[in-house]
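Engineer:
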Amino acid sequence: MEGTAPRILKTFFIASTGISQLLYAVPSLNNGMRAYGARSQLQDQAADGSRPVAEKPAPKEDTPWEKVVKYMSGLRVPHSWFTGFYIWSSICSAVWGQQLYTRGPLLQLVAKYTDYAGKPSMSFNQIILVWGLFQFQGLRRLYESFAFSKASKSTMNMAIFSIGIAYYASMSVSMWIEGLPALMSTPNPLGNATLSAPSIRSIIGIPLFLLASGLQYDCHYYLWSLKKYTFPTHPAFSKVLNPHYLAEVLIYVSLAILGAPKGQILNRSLVAGTFFVLANLAAEADNSKTWYKQKFGEDKVQGKYRIIPYIW
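Residue numbers for the sequence shown follow numbering that gives the first Met the number 0, so the first one is 0 and each next one is one higher.
Here it is, written out as structure tokens:
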């Protein structure tokens, strides 16, 4: 599907993927801006002298680039603001749910700038299912962010937070944008949605979504229950250091399968968003492995993959 709205979504995901990888590839940016949670807290302790660090050479004047990096790295928000992602995601999904049901002005505005006539479309059943599952994901993560929270002084970079807010806003549109032809074909709120026999994509996608969601919930609960900064020994962590990241990727893969328009294997808008999730979490997983290695020793991470078993 072409037009301004789909193009903006895909461009955003591609650009965000590029920014994410740039922040990962440049050591000064990776150390200063990508660090959050436990890693940011340890860095903060090193900076304020509450944690011993190796003796440093006499300070020298920063280069212009170093000054920019230091300034950007210093723009930080409490890590508790992570909860804001899921509040925002749930609000965006609710707003678009109302707009889809009423064919409201925001939907009409998107449709105006999208060339959807004659294009393959998601069915009403798919639109309702994918929208509902994404809302479920947002609400589940919102619950977890409250139920599995611990008092912490850790922080995350403002730029990372801003990208996350834009990401969830974009994904809330990507969940249904490929269904515009069906949505605009009738004023009936639910169109021709009916209970029907499961399709191949639902037989694959729904169990994958449920299994990945269950795995992620279990991992988050387990990590929350651990004594602070204890090396995880849960079976899910036996081969992969970040199975909760893998679960996140699989959740979006399942939605891309479930939301595929007729004649397509995957929903292209959701594939673009999923690629960003994979690239971002793969970088985070590498940083996480480095942190585990520094904190617990090389032997603890020996033979363990970062996020994808037998690949990375």
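Just so you know, even glycine gets a beta-carbon here, dropped at the ideal spot from N, CA and C.
1. Closer than 8 Å is the cut-off here; do at least three beta carbon pairs connect the stretch 88-102 with the stretch 128-137?
2. In chain order, what are the residue ranges of uninterrupted alpha helix (DSSP H) at least 4 long that sit wholly in the stretch 166-191?
3. Quick one: residues in its chain with C-beta nearer than 8 Å to the C-beta of valine 353, no 5 flanking neighbours on either side, listed in chain order?
4. What is the rounded straight-line gap between the Cα of leucine 8 and the Cα of alanine 168?
5. Buried or exposed for phenylalanine 275, going by 16 or more other Cβ atoms inside 10 Å?
6. Helix, strand or coil for arginine 139, going by three-state DSSP, please let me know.
7. Please report the distance separating the alpha-carbon of valine 94 from that of glycine 190.
8. Where does arginine 75 fall in DSSP's three states?
9. Determine the direct distance from the alpha carbon of lysine 288 to that of proline 63, and round the result to whole angstroms.
10. Look at the alpha carbon of isoleucine 126 and the alpha carbon of alanine 181, and state the distance between them as a whole number of angstroms.
11. When DSSP labels each residue in this structure, what does methionine 121 get in the three-state scheme?
12. Could you say which of Asp285, Leu128 and Arg267 lies nearest to leucine 245 if we only look at CA atoms?
13. Whose C-alpha, out of Thr229, Tyr166 and Gly17, is nearest the C-alpha of phenylalanine 295?
14. CB-CB under 6 Å to valine 68, same chain, minus the five flanking residues each way: which ones, in chain order?
15. Buried or exposed for tyrosine 291, please, with buried defined as at least 16 other CB atoms from any protein chain shown within 10 angstroms of its CB.
16. Can you confirm whether the stretch 103-117 touches the stretch 148-165 when touching is taken to mean that 3 or more C-beta pairs between the two stretches lie within less than 8 Å?
17. Out of Glu65, Ala110 and Tyr251, which one is the CA nearest neighbour of glycine 204?
18. Tell me the rounded alpha-carbon separation between proline 188 and asparagine 124.
19. Quick one: using the 10 Å Cβ neighbour count with 16 as the cut-off for buried, is glutamate 247 buried or exposed?
20. Hey, quick one: how far does the beta strand (DSSP E) through asparagine 241 stretch, first residue to last?
21. Flag this pair as yes or no: are the beta carbons of proline 260 and methionine 71 separated by less than 7 Å?
22. Kindly indicate the opening and closing residues of the alpha helix (DSSP H) around asparagine 286.
23. If you draw a straight line from the alpha carbon of serine 148 to that of tyrosine 220, how long is it in whole angstroms?
24. Confirm, please, whether the CB-CB distance from arginine 33 to threonine 154 is below 7 Å.
Structural biologist: From the atom records:
1. yes
2. 179-182
3. The displayed coordinates of the chain run from 0 to 311. Any statement about residue 353 would go beyond what the structure contains.
4. In the sequence shown, the residue the question calls residue 8 occupies position 9. In the sequence shown, the residue the question calls residue 168 occupies position 169. Going by the C-alpha atoms only, they are around 10 Å apart.
5. Position 276 of the sequence shown, counting from 1, holds the residue named residue 275. Looking at its Cβ environment, which holds 16 or more other Cβ atoms inside 10 Å, phenylalanine 275 is buried.
6. Translated into positions along the sequence shown, residue 139 becomes position 140. Helix, per DSSP.
7. Here the question's residue 94 lines up with position 95 in the sequence shown. Here the question's residue 190 lines up with position 191 in the sequence shown. Straight-line Cα distance between these residues: approximately 19 Å.
8. On the sequence shown, position 76 is the one that residue 75 refers to. Strand.
9. Indexing the sequence shown from 1 puts residue 63 at position 64. Indexing the sequence shown from 1 puts residue 288 at position 289. The alpha-carbon atoms of proline 63 and lysine 288 are separated by roughly 31 Å.
10. Counted from its first residue, the sequence shown places residue 126 at position 127. Counted from its first residue, the sequence shown places residue 181 at position 182. One C-alpha to the other measures close to 9 Å.
11. Taking the first residue of the sequence shown as position 1, residue 121 is located at position 122. Methionine 121 falls in the coil class under three-state DSSP.
12. Counting from 1 along the sequence shown, the entry for residue 245 is found at position 246. Of Asp285, Leu128 and Arg267, the residue nearest in Cα terms is Asp285.
13. For the purposes of this step, residue 295 is identified with residue 296 of the sequence shown, where counting begins at 1. With distances taken between Cα atoms, phenylalanine 295 lies closest to Thr229.
14. Along the sequence shown, read from residue 1 onward, the residue named residue 68 stands at position 69. Ser27 and Gly31.
15. Within the sequence shown, residue 291 is the residue found at index 292, counting from 1. So tyrosine 291 ends up on the buried side.
16. no
17. Position 205 of the sequence shown, counted from the start, is the residue given in the question as residue 204. Checking every option, the nearest Cα to that of glycine 204 belongs to Tyr251.
18. Reading the sequence shown from its first residue, position 189 is the one you call residue 188. Reading the sequence shown from its first residue, position 125 is the one you call residue 124. Those two C-alpha atoms are separated by around 12 Å.
19. Residue numbering aside, residue 247 sits at position 248 when the sequence shown is read from its first letter. Buried.
20. To locate residue 241, count along the sequence shown from 1; it is residue 242. Note, asparagine 241: premise wrong, no beta strand (DSSP E); not H, not E.
21. If you number the sequence shown from 1, residue 260 lands on position 261. If you number the sequence shown from 1, residue 71 lands on position 72. No, Cβ-Cβ distance for proline 260 and methionine 71 is not below 7 Å.
22. Your numbering for residue 286 matches position 287 in the sequence shown. Here the alpha helix (DSSP H) through asparagine 286 covers 267-295.
23. Translated into the one-based positions of the sequence shown, residue 148 becomes position 149. Translated into the one-based positions of the sequence shown, residue 220 becomes position 221. One C-alpha to the other measures close to 10 Å.
24. The residue you call residue 154 lines up with position 155 of the sequence shown. The residue you call residue 33 lines up with position 34 of the sequence shown. Not a contact, by the Cβ cut-off of 7 Å.
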